[in-house]
Structures are given as structure tokens and as C-alpha cells.
Amino acid sequence: MTQKEMHDLVIVGGGPGGLTAGIYAQRAALKTVLIEKGLPGGQMASTDTVENWPGIKNITGQELAENFLTHAKSYDLDIIQEEVTAIEPGLDYHTVRLANGDVYPAHTVIIAVGGSPKKLNIPGEDEYYGKGVSYCAVCDGFFFRNKTVVVVGGGDSATEEALYLAKLAKKVYLVHRRDELRAGMILQKRIKAEPKIDILWNSIVTKINADDTGVSEVELQNTLTNEESRLATDGIFIFVGFDPNNQLIPAGTPMDADGFVMTDCKGETTMPGIYVIGDLRQKYAKQIVVASGEGATAALAAAHFVEAKKGSQH
Ligand code: NAP
């Protein structure tokens, strides 16, 4: 175990929220470290195209993630690739523990760890993960060139990813449990205009079957008639929302019924100096631009918190 020196701010998570917080913290001269267990960029990095980041009409998620990272590094933000195992609130300072044994004491902590894809929890889903079951079209779509795929879900993610897959696959079936999509109107129009995509309304996938080469068919059920059917497919991409990654949130922090963390308008939790931003924070819209705005807000609030704390100690 290595006890690190006191930091003004530890940011946990390197998606758009965390990286923006890092940029603002460096500009505010806070002694900051950002800890990310995977590659910086978060969900943004595995998104095909981003068309609602103001100022750039169209950019790949990967490129936008690289831009965020380059920008943060231009301010010499200290970025460590390691898993955080615990965040312990304290009266004097907070403690962030890493899987490698390192321990960071900090005046403030910004938690920006987002969510993970929700599962359907149906037979075959875990068994054939990586053998035709996927939660990332940009990562795995390449393997389905000129093949048939099923996409499950009716939100922005499912429709965006179905459109991406339609560029590669021979046929895409979008399976949605209702008769109306949840996705925004632009995506709805695009998906209905794409000849390679057929929407199977009022339908759920109940089972995934495979042969020696991987996924071979899905079993479907009509939600209105309960009628069952089978559909041959080479793969299934599941985009039915996501679960908040709230495992690191200190006990006693208020969350809503779905596990999203409640904060004040600064992103501050009921623990002074601990902030939650981005998709893990309870809010109306989960967007890159919103996560980024929350990162900026929380970093400015953290700077004010640190200044007030240090001022009161003199
Ligand atoms: P979402 O908006 O929560 O949509 C999930 C979809 O999956 C819904 O259509 C839902 O059906 C369906 N679903 C949920 N559980 C299901 C189950 N067990 N079986 C079958 N279907 C199920 O999730 P998302 O699309 O991942 O988006 C998450 C957030 O990120 C949203 O706020 C979204 O706007 C945002 N986002 C934005 C963009 C963009 O702006 N370009 C891109 C991606 C994501 P019902 O409709 O019947 O509930």
C-alpha cells in the first residue's frame, strides 16, 4: 500500500463528465488526479457518431473522446489507469482506495462512473456473450458484415446502433416491446426510412439459441397476443438502457428507486465535498453535453469548497 499525498480533488471516472471536471480543476489550479479503470472516454468512445455536441455537427465518439483526452492532457491532468475499490467519506478529508493498494486522501471527490448496459436476463444471454450476443455495435459490428442481426430496444441507443449496423449487415431486425419508439424524432425518421431495418413491434426476445458457430436464432413473443415465433439471426445486440454504477457510492447517500444518485444543483451529495455527475446522477437527460456541464459545475464547486476549507484553516 502506498499512501499518496493530500489532493484537492480526486476524480473517479474518465468519461465526458470526468474529463471536463479535470479540465476545469486544472484551470482552477487544484491538485487533481483522475482515476479511470478502462480507457478514457467512457460510453462516448464506443458510440459510432455524435451529432449533438454543439460546435461539431458530426464526429465519431472515438474522435470526440480523443479530443477530450488531448484537451485534458494539455493542462497536465494527472490520469491514472486503475480501479477504485472504495470511497470513504471523512470529516477532515475523504479517502479513495485503489485496487493496487494506493490510497489517496482528498479534500473533494467527483464520482463520474456512469452506468453499465442493462441485461435482458434471458436464457442464452450470458452463455453466448461474445459468441453473437453483444452490447456494443461499434466494437462488434464488424463481425456481422453481410449477416443478419437482431437489435433489442426502442430508445436512442437501440435506434442509433441499429442504423450503424445497417451500414454493415445484410438485414437488421429491431425488436421493440411496444408499438412506439422511445427514441428522438430524428432517429425515428431515419430508422423508418432505412430499407435494411425491419421493426418487429410489440415483441420481446425470450431466448437466444446457438449452434457450433455461435448465435443462430432468437425466440420471440408477441406482447399483445402472447404468440411465440422464431427468427434466424447471426447475432443479437441488446440496448435496453443501463444500470447505474453506484457500487462506490458511500452508504447513506440518497438515491432514487432506480439507483441514480440524488444531489444538489452543484452535483454535491449529502456528504460535503463529494460530488456525483454524469449518467450516475439522477436527472432528466443523459447526454454527453449534460455530463460535461455537470463536470464543469462540480469542479468549480470543488474549487470553491477547497478554497473555503483552506481559508478557514488559516
Ligand atoms: P432508454 O432510453 O432507457 O431506452 C431503453 C429502451 O429499451 C426502451 O425503448 C425500453 O422500452 C427498452 N427496454 C427496457 N427494458 C427492456 C426489456 N427488459 N425488454 C425489452 N425492452 C426493454 O436507454 P438508452 O437508449 O440506452 O438511452 C439511455 C439514455 O442515454 C437516454 O436518456 C438517452 O436519451 C441517452 N442517449 C442519447 C443519445 C443521443 O442523444 N444521441 C444516444 C444514446 C443514448 P420502453 O420504451 O417500452 O420503455
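First residue of the sequence shown: 28, per the numbering used here; consecutive thereafter. Beta carbons are placed, not taken as given, at the ideal position from N, Cα and C, and that holds for glycine.
Quick one: Cα of V39 to Cα of D103, how far? 17 Å
Let me check one thing: in DSSP terms, what residues is F269 bridge-paired to? P144
By the 10 Å Cβ neighbour count, where 16 or more other Cβ atoms means buried, how is Q53 classified, buried or exposed? buried
Can the beta-carbon of V232 be found closer than 8 Å to that of I213? no
Between N273 and the ligand NAP, is there a pair consisting of the residue's CB and a ligand heavy atom that are separated by less than 7 Å? no
For K146 versus G268, is the C-beta distance shorter than 8 Å? no
Out of M298, A326, D285, L327, which has the shortest C-alpha to C-alpha gap to L307? D285
Classify F169: buried if its beta carbon has 16 or more other beta carbons within 10 angstroms, exposed otherwise. exposed
Using a Cβ-Cβ cut-off of 7 Å (strictly less than) and excluding sequence neighbours within five positions of M289, which residues of its own chain qualify? P281, M282, D283, Q309
For the putative contact between I235 and G182, defined by C-beta atoms under 8 Å, what is the C-beta separation to the nearest angstrom? Not a contact, Cβ separation roughly 20 Å.
Buried/exposed call for L208, threshold 16 Cβ in 10 Å: buried
When burial is assigned at 16 or more other CB atoms within 10 Å of the CB, is E255 buried or exposed? exposed
Inside the stretch 175–245 only - beta strand (DSSP E) runs reaching at least 3 residues: 175–179, 198–202, 224–227, 230–238
Within the chosen definition, does the stretch 216–226 reach the stretch 238–256 through at least 3 CB pairs nearer than 8 Å? no
Whole-angstrom distance between H203 and V179, CA atom to CA atom: 6 Å
Counted within 10 angstroms of its Cβ, other Cβ atoms place H34 as buried (16 or more) or exposed: buried
Using 8 Å as the threshold, is the C-beta distance between D105 and T59 below it? yes
For P67, count neighbouring C-beta atoms within 10 Å of its own C-beta (all shown protein chains included) and say buried if the count is 16 or more, exposed if not. buried
Taking C-alpha atoms, which residue in G49, N85, A48, P277 lies nearest to T297? P277
Tell me where the alpha helix (DSSP H) around R54 begins and ends. 43–54
Three-way DSSP call (helix, strand, coil) for T135 in this model: strand
For the ligand NAP, residues whose Cβ lies under 5 Å from any non-hydrogen atom: G180, G181, G182, D183, S184, R204, R205, R209, V267, G268, K313
Nearest-angstrom Cα distance between V199 and N148? 22 Å
What residue range is occupied by the uninterrupted beta strand (DSSP E) comprising V60? 59–63
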